[in-house]
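Participant:
Protein chains in written order, with my numbering: chain L, 1 to 112; chain X, 1001 to 1118.
1) To the nearest angstrom, how far is it from the Cα of residue 1067 of chain X to the Cα of residue 78 of chain L?
2) Can you pull the chain X neighbours of residue 34 of chain L, defined as C-beta to C-beta under 8 Å?
3) Quick one: what does DSSP say residue 1042 of chain X is sitting in, helix, strand or coil?
4) Judging by CA-CA distance, which residue of L/48, L/106 and L/112 is the nearest neighbour of residue 39 of chain L?
5) I'd like the ranges of any beta strand (DSSP E) spanning at least 3 consecutive residues and lying wholly in the stretch 31 to 95 of chain L.
6) Can you tell me which residues form a DSSP beta bridge with residue 1055 of chain X?
7) Give me the chain X residues within the contact set of residue 28 of chain L, using Cβ-Cβ distance strictly less than 9 Å, ordered along the chain.
8) Identify each residue in the stretch 37 to 67 of chain L for which the Cβ-Cβ distance to at least one residue of chain X is less than 7 Å, and report them in chain order.
9) Mapping the DSSP letters down to three states, classify residue 1081 of chain X as helix, strand or coil.
10) Between the stretch 1031 to 1047 of chain X and the stretch 1005 to 1014 of chain X, are three or more C-beta pairs nearer than 8 Å?
11) From X/1096, X/1110 and X/1117, pick the residue whose C-alpha is nearest to that of residue 1031 of chain X; which is it?
12) Please report the distance separating the alpha-carbon of residue 1094 of chain X from that of residue 1106 of chain X.
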């Protein structure tokens, strides 16, 4: 059964720092991996989608990488801002199923 | 596009009452998912529809939970009777399955329905 783990569970950084959020998954046979952002009391906003054939995706200050063989993905946030404060969730769609399986998220706090 | 629309946004009810949550997926999307989010367990898949047909309901916790998708633009999740342990945020999400690669589409979520059962 696919399991997704995100470390750390919480992270606090000062504004301007570059940071990395980690995601690991137990079964490397995946279709794709998706990173989401969730603000308190809100739904999930899709940030980046990486297909299994891709190594990375970039959007603005965000860069997500995928290493299928080791079952790992990272989300890199450059020059962090207070507006980046949110919970970041990683999810994989594996070849055994059709729905996304989620990690429990990393809650990021960026102080000004 | 308005995105995935869910109603109600908040529901407070008493144990034993029936609860119906509603979802309108993004127009043209052919897959719809119901998830439940709690602090303890995170996001859990309840049920998944493809072209209005339930495909995987293995995540539905008990017979008290049921879901329907009568047409491509509407789905309901019903809990009858509700219990305090059903308190959670229920999310609906939709996806456009790409022909030849049905599992590679991006998933879009609604704002969720926060349910409190007293």
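Virtual Cβ for every residue (Gly too), placed ideally from N, Cα, C.
Facilitator: Put simply:
1) In the second chain, the residue the question calls residue 1067 of chain X occupies position 67. In the first chain, the residue the question calls residue 78 of chain L occupies position 78. Those two C-alpha atoms are separated by around 42 Å.
2) Your numbering for residue 34 of chain L matches position 34 in the first chain. The contacting residues are 1106 and 1107.
3) In the second chain, counting from the first residue as 1, residue 1042 of chain X sits at position 42. Residue 1042 of chain X: strand per DSSP, three-state reduction.
4) Here residue 39 of chain L refers to the residue found at position 39 of the first chain. Of the listed residues, the one whose Cα sits closest to residue 39 of chain L is L/106.
5) 44 to 51, 56 to 59, 62 to 67, 72 to 77 and 86 to 94
6) Within the second chain, the letter at position 55 stands for residue 1055 of chain X. Note: residue 1055 of chain X sits in no beta bridge, so no partner.
7) Locating residue 28 of chain L in the first chain gives position 28, where the first residue counts as 1. Those do not exist, as residue 28 of chain L stays about 16 Å from chain X at its closest Cβ, beyond 9 Å.
8) 42, 43, 44, 46, 49 and 51
9) Sequence index remark: in the second chain, residue 1081 of chain X carries index 81 (1-based). DSSP places residue 1081 of chain X in coil when its eight states are reduced to three.
10) no
11) Within the second chain, numbered from 1, the residue matching residue 1031 of chain X stands at position 31. If we check each option's Cα against that of residue 1031 of chain X, X/1096 comes out closest.
12) The residue you call residue 1094 of chain X lines up with position 94 of the second chain. The residue you call residue 1106 of chain X lines up with position 106 of the second chain. Looking at the two C-alpha atoms, the distance is approximately 9 Å.
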